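See below for the structure under consideration.
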Amino acid sequence: NAGVTQTPKFQVLKTGQSMTLQCAQDMNHEYMSWYRQDPGMGLRLIHYSVGAGITDQGEVPNGYNVSRSTTEDFPLRLLSAAPSQTSVYFCASKKTGLAGGGPYTTDTQYFGPGTRLTVL
Amino acid sequence: AQKVTQAQTEISVVEKEDVTLDCVYETRDTTYYLFWYKQPPSGELVFLIRRNSFDEQNEISGRYSWNFQKSTSSFNFTITASQVVDSAVYFCALSEIDTNAGKSTFGDGTTLTVKP
Chain A
37 NAGVTQTPKF QVLKTGQSMT LQCAQDMNHE YMSWYRQDPG MGLRLIHYSV GAGITDQGEV
97 PNGYNVSRST TEDFPLRLLS AAPSQTSVYF CASKKTGLAG GGPYTTDTQY FGPGTRLTVL
Chain B
7 AQKVTQAQTE ISVVEKEDVT LDCVYETRDT TYYLFWYKQP PSGELVFLIR RNSFDEQNEI
67 SGRYSWNFQK STSSFNFTIT ASQVVDSAVY FCALSEIDTN AGKSTFGDGT TLTVKP
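Quick mapping for you: the protein sequence lines, in order, are chains A and B. Using this note's numbering, the first residue of the first sequence is number 37, and each one after it goes up by one. Using this note's numbering, the first residue of the second sequence is number 7, and each one after it goes up by one.
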């Protein structure tokens, strides 16, 4: 059971380049999310997904795209990298359950090891 | 909107001292989870504890203890007899249960330095 894995661990991009940060989990968790962590700040939610085929925006979605074609994978795409996107990126997953009209969380969020991205 | 405030940006103590990290939160929800995570210098995020809003019992785990007070919207974390290995950034987080798909909000973190 590998938990949440992220690749790459480190990446340097030039302004305007695009790339995809990979995230995978093997715990069959429905909920997955991407955060960025900037110096002296907590984690800010970029995008999240409550299940395959369903994604939504978080607090800071601009400049990023996501898709969720499988339960296991949740890649984050930077369309045209900018120096402001220099950050550490964390992927996370958690189990959810259904109640009433929508999903609810019942469990703890587990994080991947992070990807340190530098945009020059 | 929910908010988590960790007013202490940095704390420095000498080994074996007790230290308390403060966390104050705001939410309109009546049901929610509160968390503490540890981020050591290696950078990974390590889950420490989850508490749901129905359970105001304090919890102790070894040298760690947590004090949840719903009346003051606080969820403070105490390390007893601190050790150098406790040096890390500690994050408090709030997660809704029934709304907004359980999105989490994190505080800005408290950097704890334990000196030998």
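All C-beta atoms in this analysis are idealised placements derived from N, C-alpha and C, irrespective of residue type, glycine included. Bear in mind that the values here come from a model prediction, so they are computed numbers and not experimental data.
Considering residue i, what are the terminal residues of the beta strand (DSSP E) in which it resides?
{"i": "Glu16 of chain B", "result": "Glu16 to Val20"}
{"i": "Arg104 of chain A", "result": "Segment: none, Arg104 of chain A is in no beta strand (DSSP E) and carries neither H nor E."}
{"i": "Arg34 of chain B", "result": "Counting along the chain, Arg34 of chain B falls outside any beta strand (DSSP E), and DSSP gives it neither H nor E."}
{"i": "His83 of chain A", "result": "Leu79 to Gly87"}
{"i": "Glu57 of chain B", "result": "The residue you asked about is not Glu; residue 57 of chain B is Arg in the sequence shown. Note, Arg57 of chain B: beta strand (DSSP E), Val52 to Asn58."}
{"i": "Ser101 of chain B", "result": "Ala94 to Glu102"}
{"i": "Val90 of chain B", "result": "First-last for Val90 of chain B: undefined, no H or E at that position."}
{"i": "Asp28 of chain B", "result": "Counting along the chain, Asp28 of chain B falls outside any beta strand (DSSP E), and DSSP gives it neither H nor E."}
{"i": "Arg72 of chain A", "result": "Tyr67 to Gln73"}
{"i": "Lys121 of chain B", "result": "Thr116 to Lys121"}
{"i": "Leu7 of chain A", "result": "Outside the shown range of chain A (37 to 156) lies residue 7 of chain A, about which nothing can therefore be said."}
Thinking C-beta only, is residue j closer than 7 Å to residue i?
{"i": "Lys131 of chain A", "j": "His83 of chain A", "result": "no"}
{"i": "Ala99 of chain B", "j": "Phe41 of chain B", "result": "yes"}
{"i": "Leu153 of chain A", "j": "Phe112 of chain B", "result": "no"}
{"i": "Ile50 of chain B", "j": "Pro75 of chain A", "result": "The sequence given here has Glu at residue 50 of chain B, not Ile. Cβ distance not < 7 Å, so Glu50 of chain B and Pro75 of chain A don't count as in contact."}
{"i": "Glu21 of chain B", "j": "Pro122 of chain B", "result": "yes"}
{"i": "Ser8 of chain A", "j": "Gly52 of chain A", "result": "As displayed, chain A neither begins before 37 nor continues past 156, which places residue 8 of chain A out of reach and without an answer."}
Between residue i and residue j, how many whole angstroms is the CB-CB distance? I'm expecting something under 8 Å.
{"i": "Phe53 of chain B", "j": "Thr144 of chain A", "result": "6 Å"}
{"i": "Val48 of chain A", "j": "Leu156 of chain A", "result": "7 Å"}
{"i": "Ala118 of chain A", "j": "Tyr146 of chain A", "result": "At roughly 29 Å, the Cβ-Cβ gap does not stay under 8 Å, so Ala118 of chain A and Tyr146 of chain A are not in contact."}
{"i": "Pro111 of chain A", "j": "Gln58 of chain A", "result": "5 Å"}
{"i": "Tyr39 of chain B", "j": "Ser101 of chain B", "result": "4 Å"}
{"i": "Ile85 of chain B", "j": "Val25 of chain B", "result": "5 Å"}
Original post:
Does the region 101 to 117 of chain A come close enough to the region 11 to 20 of chain B that 3 or more CB-CB pairs lie under 8 Å?
Top reply: They do not touch, by the three-pair rule.
Original post:
Between the region 75 to 90 of chain B and the region 38 to 45 of chain A, do three or more beta carbon pairs fall short of 8 Å?
Top reply: no
Original post:
Below 8 Å, can you find three or more Cβ-Cβ pairs linking the region 106 to 122 of chain B to the region 83 to 94 of chain B?
Top reply: Counting C-beta pairs with one atom in each stretch, the region 106 to 122 of chain B and the region 83 to 94 of chain B have three or more that are closer than 8 Å, which means they touch.
Original post:
Would you say the region 86 to 95 of chain A touches the region 20 to 35 of chain B, given that touching needs at least three Cβ pairs under 8 Å?
Top reply: no
Original post:
Got a sec: which bits of the region 50 to 64 of chain B sit with their beta carbon under 7 Å from any beta carbon on chain A, in order along the chain?
Top reply: Cβ contacts with chain A: Glu50, Leu51, Phe53 and Arg56.
Subject >> Cβ-based contacts, 8 Å cut-off: residues of the region 87 to 108 of chain A near chain B >> reply: Hits within the stretch, in order: Asp92 and Gly94.
Original post:
At a Cβ cut of 7 Å, what residues of the region 65 to 98 of chain B count as close to chain A, listed as they run along the chain?
Top reply: Phe97
Original post:
In the region 9 to 37 of chain B, which residues sit with their C-beta less than 7 Å from some C-beta in chain A, listed in chain order?
Top reply: none
Original post:
Listed in chain order, which residues of the region 65 to 82 of chain A have Cβ atoms closer than 9 Å to some Cβ of chain B?
Top reply: The region 65 to 82 of chain A vs chain B, Cβ under 9 Å: Tyr67, Ser69, Tyr71, Gln73, Gly76, Met77, Gly78, Leu79, Arg80 and Leu81.
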